[in-house]
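Below: one structure, written as structure tokens.
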Amino acid sequence: MPSNALRRVPLSSPEEAIRAIEEDGGVILTDFTSVSEVEEVNSDMAPFMSAEDLDSPQAGRTNCSLVYGRSKVAREDWLNNDDLLTIVNHFLRTTDFQWGAQRSQDALISMAFTILTKPGTEGTGYHRDDHIWQTTHKSQEASGYQKGSDLGINLMVPGTDSTKEIGATKIIPGSHLWGDGHEANPEDGVHAEMKMGEAFVFLASAVHAGSPNLSAETRIMHTFFFCRGWVRQEDNQFVWWKREEVEKWSQKAQKLAGYIGNTDVGTCNFKQPLDSLRLLDSIST
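Counting in the UniProt record's numbering, the sequence shown runs from 1 upward without gaps.
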């Protein structure tokens with residue numbers, strides 16, 4: 001049965017975190033990172049947070065994208081942490097058999113952005129983040145969670161302490177089990193309150209909402225979406241990063257972004273995207 005409050009589990013206990021997510025739809029990871037690393041990512045993103053071309057989905061709220069390439073700590077230390085990827089790939093790894101051989105595709109990073117919510121900003125309505133893929137949901141309330149039913153999973157790392165007053169995300173525990181048409185009762189929402197250094201992981205099928213910022217402080221939230229390896233990534237960052245920049249990333253980071261690793265989908269000229277970029281540069285010079 002879903003819990004009435006979000007459970008808090010150490011990142012170093014991924015199996016316990018997986019159980020909590022299967023039952024509740026999300027979990028708070030208590031030892032995700034250090035305050036100094038959060039402050040470093042805040043600093044990495046600070047020059048871009050005041051840019052004129054930021055996406056503003058509503059008054060007082062802005063989205064600053066491309067965190068994956070702009071912050072080494074976020075890319076290499078947070079998103080490619082082995083325990084985190086154990087959790088992510090439990091839900092998003094796709095395995096099948098072709099011609100007697102087993103194939104597996106791990107998750108990709110779908111989007112990486114920082115959300116700024118200024119004082120006085122109103123909240124958002126309840127929604128599911130997998131709506132971008134026009135996902136339909138069959139009820140799992142009787143059967144319990146069915147592994148393989150989700151296309152995405154999300155990670156939120158607060159750049160400031162995330163309290164109810166400052167606008168902590170609300171989630172309805174157990175809503176990832178709902179079929180389409182199930183109405184959300186706002187009173188069932190639970191705030192994902194976190195200290196800096198903690199993180200919130202939740203399924204893209206979980207019903208959640210942004211809360212109003214009733215404080216005098218701007219809320220900073222570093223937000224990362226993962227998707228299955230064969231799903232169209234929400235942010236097409238391939239058009240942004242030059243080959244020289246991608247070459248500086250670890251191979252794990254290149255794979256998570258989709259530049260290497262999959263020979264079935266996402267190729268370019270029948271090659272890995274990074275190999276095609278190398279070929280293009282050699283032709284250009």
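Glycine included, each C-beta is placed from N, C-alpha and C at the ideal position.
Treat the numbers as computed from the prediction; the structure is a model and nothing was measured.
query                                                                                                                 : result
Host beta strand (DSSP E) of I109 (start-end)                                                                         : 108 to 117
Cβ distance (whole Å) where I115 is taken to contact N63 below 8 Å                                                    : 6 Å
Option nearest K170 by Cα separation, candidates I260, L151, M194                                                     : M194
Beta bridge counterpart(s) of M196 as assigned by DSSP                                                                : E198
Whether M45 touches S12 by CB criterion (8 Å)                                                                         : no
Of the residues P14, E40, I21, N4, the one placed nearest M196, counting alpha carbons only                           : E40
For Q98, the residue or residues it bridges with in DSSP                                                              : A101
Local Cβ density within 10 Å of T121, reported as buried at 16 or more and exposed below that                         : buried
Sequence-distant residues of the same chain with beta carbon closer than 8 Å to R7, five excluded per side            : A20, D24, V27, I28
Length of the line joining the Cα atoms of R228 and A216                                                              : 38 Å
For G167, the nearest candidate out of L214, Q58, L108, A5 (CA to CA)                                                 : L214
P186 - DSSP class collapsed to helix/strand/coil                                                                      : helix
Identified DSSP bridge partners for K271                                                                              : C268
Beta-carbon separation (whole angstroms), P158 vs I87, contact threshold 8 Å                                          : The pair is not a contact, with the Cβ atoms about 18 Å apart (cut-off 8 Å).
8 Å Cβ cutoff met for L203 and L108                                                                                   : no
For Y145 and H222, the rounded distance between their alpha carbons                                                   : 28 Å
F225 burial status per 10 Å Cβ neighbour count (16 or more: buried)                                                   : buried
Neighbourhood of G258 by C-beta distance below 6 Å, restricted to the same chain and skipping five residues each side : L108, G266
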